[in-house]
Amino acid sequence: MNRIKIDVASALADRRLQATLFPALQRSVESRDEAVSEVENWEELRDYGRRVKLHTLEKLPFYLEKLEKNVVGHGGKVLWAESGEDAVRMILTIARERAVRKVVKSKTMLGEEIHLNQGLLKGGLEVIETDLGEYIVQLCDEMPSHIVTPALHKSRHDVAELFEAKLGMEPTDDVAKLTLTARNVLRRHFLEADLGISGVNFGVAETGTIVVVENEGNARLSTSLPRVHIALMGIEKVIPRTVDLSVLLKLLTRSATGQRLTSYVNLISGPKREGELDGPEEFFLILVDNGRSQIYEDQFLRQTLTCIRCGACQNICPVFQRLGGHAYGTVYQGPIGSILTPQMFPIAAVEEHPFASSLCGACEETCPVKIEIPKILLRLRQQVQEARNHGIQRFRPERIGMLMWAWVVSSSRRYAIASRWLRRLQSVLFRNGRFRPAVPPVSAWQKDRDVPGLAPKRFREYRESEGAEH
Amino acid sequence: MSREAILSRLKDFQNREASEVLPEVVPEFPDFDDPLNTFKRQAEKAGTVVLDGQSDENFTAAMRRVLEDAGAVHLLWEKAAIFEKHKIPFEFSNRSQDGGESGVLVSEHAEQGFQLPVQAEIRSLDQVDVPEVAVSVASAETGIAETGTIVESSAAAGSRILSVLPPIHVVLLSPEDVLMNHREFFQSVDLGQHESARLLVTGPSRTADIEKTLIIGVHGPRKLFTILR
Ligand code: SF4
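Protein sequence lines correspond, in order, to chains A and B. Going by the numbering used here, the first sequence opens with residue -10, and the numbers climb by one from there. Going by the numbering used here, the second sequence opens with residue 372, and the numbers climb by one from there.
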């Protein structure tokens, strides 16, 4: 099994990335905080959102069947896909039967998850991403680096170079011009496409309505211009009632982009009706499992499925802020990725992911549906450790070191003696304030960690002498 | 087949005694003394230009402002029914040569100097090539004060794409159709009963996909007008 490693070193060394990433995330955090601070009962809304989502999960089969029934009632068709491959196959079949040539897509993380683009291309279709960020990422054949802002890792210079190379655009640094160029290119694709594929933010069971939240207008066009619309929805996206949208939309848009509401919220109930001038003749909803029912099994870990993909935990995460999304090597990144990925893949393949966190708790605090991310991370770490303990790894030096450490720090007397000795040895062991001897196995541990020197006095001694008057 | 497999797996894992009940009471949403005023303020914050058109005189002035602003030569009315609902003081005369539905708008207020006729079309479907100097005019089903949002229904409007395709979009909104907040809206709306799509619109089309820099007018209109009428 190939492990998906987290590529810390190259992310930190990438100057352009570092210059682009942090300010952008900082802006997102600020606008989210501002938008949230004007809502007096934000905590109450979070509780409501969490309870609605947890309740839906408890009765998931019931709500899924209800959603299905109501979508069919509007003249839509509902398909169920066990895996990503199944979903891709279904879409290809629909496309072939209707002689579809060109597909326009609006943003869908589920599409990324199941590698939809590659699948459709292999099936001989032309696929165009229409969300600006997704389009940029598609043009350079990369993966999105953020669940809300896919091209977050790209600077305007990167995009300018890309458009120059791929679209023959004059060199410019003007973001407005870059955007206009993309608009014009994509406009043509919209008018030519026979099939539109979208994601789903919420599926309302009681009315058979799917909700697509966006800012650009590309989702409206992708779901209205082509003669066929396919909506891809993870089975966890269903919600019971229309009225729940009032709270969930408020939580989502304020957390995601700091907007009171995004420019567009599409509420789609089936294909074009009698008397309507446009809209697709056929509407398909594909309900995708792809590992979700496995996550569902554990009643504590299940809350992972309440995520509404707002990306706020990514924006605020100190680890994500330094690494960006690509370092994680997976579709879902940052805190939500670190809890989702290990539950979707065999845990041995992504065993580093639950550890890519300082457990500072910022993600849980910001999460609009209060997912207990740090606790879930700890549970997953435990699982990784258990998997390791099955092998000889039980006798790893790290484990012995940790046991010794635990023995020392569990008694204040032992701790005092040890730190006194370390302080005496400091002049030998430390140089320029850093731990020096690079002997295995300590050197391996040191590779990614700075070990600063000890302060000249213990805190207690310090407090007893000069600190006393404070 | 996979339907049954997925459902039965979920049912297996489902805990029997459900503990999390669906909350009955939706949390409070803000109320406003003057919802219309709040609507205006919020809509403007989101980048919408709100114009008053309640008197015929103001409406004519508002339309003139829109057309001048856009430098537009095509007005695309979604449906003739808009004329009735909002008592448009223009006359839509079907004078097109080809017998199509496009026609000419004539103002009843020539004395106010409104530069009509403007070519106005009720779009037919093969004309998806909307000119870059077109203005689409739609009617809002509802306005939501809390966020300055307007709601367009495909049943009333007839079209799903006209609100997004042209570079300029105008929505006519009756002041009495303005609701307080999203709780009120979602409690009263009957999704999917008569329409295939409803669209909540809050400001013009926008993106911040490059370096989080805000750009107005991506795939949808770069300018959104709401005329209170
Ligand atoms: S885990 Fe919470 S904060 Fe993170 S994306 Fe999901 S809903 Fe948003």
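From the three backbone atoms N, C-alpha and C, an ideal C-beta is built for every residue, glycine too. Bear in mind the structure is a predicted one, so any value in this text is a computation, not a measurement.
Output the distance between the C-alpha atoms of residue i and residue j, rounded to the nearest integer angstrom.
{"i": "B:Gly442", "j": "B:Leu585", "result": "24 angstroms"}
{"i": "A:His135", "j": "A:Gln303", "result": "8 angstroms"}
{"i": "B:Val541", "j": "B:Glu555", "result": "24 angstroms"}
{"i": "A:Ser286", "j": "A:Glu225", "result": "According to the sequence displayed, residue 286 of chain A carries Glu and not Ser. Cα to Cα, the separation comes out at about 13 angstroms."}
{"i": "A:Arg35", "j": "A:Gly247", "result": "16 angstroms"}
{"i": "A:Gly489", "j": "A:Ala407", "result": "One cannot answer for residue 489 of chain A here, as it falls past the ends of chain A, which runs -10 to 459."}
{"i": "A:Ala70", "j": "B:Gly424", "result": "51 angstroms"}
{"i": "A:Ala(-2)", "j": "A:Thr293", "result": "29 angstroms"}
{"i": "A:Thr138", "j": "A:Val92", "result": "22 angstroms"}
{"i": "A:Val264", "j": "A:Leu214", "result": "For the record, residue 264 of chain A in the displayed sequence is Gly; it is not Val. Taking the straight line from one Cα to the other gives about 16 angstroms."}
{"i": "A:His142", "j": "A:Gly314", "result": "8 angstroms"}
{"i": "A:Ser454", "j": "A:Pro445", "result": "13 angstroms"}
{"i": "A:Met333", "j": "A:Cys296", "result": "14 angstroms"}
{"i": "B:Val392", "j": "B:Ala516", "result": "31 angstroms"}
{"i": "A:Tyr321", "j": "B:Leu447", "result": "43 angstroms"}
{"i": "A:Tyr404", "j": "A:Pro50", "result": "55 angstroms"}
{"i": "A:Val236", "j": "A:Leu1", "result": "38 angstroms"}
{"i": "B:Arg531", "j": "A:His342", "result": "43 angstroms"}
{"i": "B:Val589", "j": "B:His565", "result": "30 angstroms"}
{"i": "A:Val67", "j": "A:Ile257", "result": "14 angstroms"}
{"i": "B:Arg600", "j": "B:Leu544", "result": "6 angstroms"}
{"i": "A:Leu414", "j": "A:Arg420", "result": "11 angstroms"}
Which of helix, strand or coil does DSSP assign to residue i?
{"i": "A:Tyr321", "result": "coil"}
{"i": "B:Asp580", "result": "coil"}
{"i": "B:Ile423", "result": "The displayed chain sequence assigns Asp, not Ile, to residue 423 of chain B. DSSP places B:Asp423 in strand when its eight states are reduced to three."}
{"i": "B:His540", "result": "strand"}
{"i": "A:Ser134", "result": "coil"}
{"i": "A:Leu68", "result": "strand"}
{"i": "A:Pro441", "result": "strand"}
{"i": "B:Phe403", "result": "coil"}
{"i": "B:Ala432", "result": "helix"}
{"i": "A:Asn255", "result": "strand"}
{"i": "A:Gly185", "result": "strand"}
{"i": "B:Ser545", "result": "coil"}
{"i": "A:Arg172", "result": "helix"}
{"i": "B:Phe384", "result": "helix"}
{"i": "B:His620", "result": "Here chain B has residues from 372 to 600 only, and residue 620 of chain B is not among them."}
{"i": "A:Lys155", "result": "helix"}
{"i": "A:Met79", "result": "helix"}
{"i": "B:Gln468", "result": "For B:Gln468, the predicted structure reports a pLDDT of 49, less than 50, and the residue's modelled location is therefore unreliable. The matter cannot be settled from this model."}
{"i": "B:Glu594", "result": "First, the residue type needs correcting, since residue 594 of chain B is Lys and not Glu in the sequence shown. Correct three-state label for B:Lys594: strand."}
{"i": "A:Gly268", "result": "coil"}
{"i": "A:Lys(-6)", "result": "coil"}
{"i": "B:Gly519", "result": "coil"}
Using 8 angstroms for Cβ pairs, my map puts residue i next to residue j. What's the rounded Cβ distance?
{"i": "B:Arg577", "j": "A:Ser252", "result": "5 angstroms"}
{"i": "B:Pro592", "j": "B:Pro537", "result": "6 angstroms"}
{"i": "A:Gly323", "j": "A:Phe309", "result": "4 angstroms"}
{"i": "A:Leu184", "j": "A:Ile219", "result": "7 angstroms"}
{"i": "B:Thr573", "j": "B:Gly519", "result": "6 angstroms"}
{"i": "A:Val193", "j": "B:Leu562", "result": "7 angstroms"}
{"i": "B:His323", "j": "B:Ser510", "result": "In the structure as shown, chain B starts at 372 and stops at 600, and residue 323 of chain B therefore has no counterpart that could be examined."}
{"i": "B:Leu595", "j": "B:Val420", "result": "7 angstroms"}
{"i": "B:Glu523", "j": "B:Ser507", "result": "Not a contact, Cβ separation roughly 11 angstroms."}
Using a Cβ-Cβ cutoff of less than 6 angstroms, which residues in the same chain neighbour residue i once the five nearest sequence positions on both sides are dropped?
{"i": "A:Thr9", "result": "Ser144"}
{"i": "A:Thr97", "result": "Gly188, Leu221"}
{"i": "A:Glu123", "result": "Lys96, Pro139"}
{"i": "A:Leu250", "result": "Thr242"}
{"i": "A:Gln7", "result": "none"}
When we look at the beta-carbon of residue i and count the other beta-carbons within 10 Å, is it buried (16 or more) or exposed?
{"i": "A:Cys356", "result": "buried"}
{"i": "A:Leu392", "result": "exposed"}
{"i": "A:Leu156", "result": "exposed"}
{"i": "A:Leu411", "result": "exposed"}
{"i": "B:Glu395", "result": "exposed"}
{"i": "A:Val397", "result": "exposed"}
{"i": "B:Lys382", "result": "exposed"}
{"i": "A:Cys349", "result": "exposed"}
{"i": "A:Gly113", "result": "exposed"}
{"i": "A:Asn204", "result": "buried"}
{"i": "A:Ser401", "result": "exposed"}
With a threshold of 8 angstroms on Cβ separation, who are the neighbours of residue i within its own chain once the five nearest residues in sequence on each side are excluded?
{"i": "A:Glu19", "result": "Gly247"}
{"i": "A:Ile336", "result": "Leu369, Gln372, Val373, Ala376"}
{"i": "A:Val41", "result": "Ile228, Pro229, Asp233, Val236, Leu237"}
For residue i, which residues of its own chain have a beta-carbon under 7 angstroms away from its beta-carbon, when the five flanking residues on both sides are left out?
{"i": "A:Ser327", "result": "His342, Pro343, Ala345, Ser346, Leu366"}
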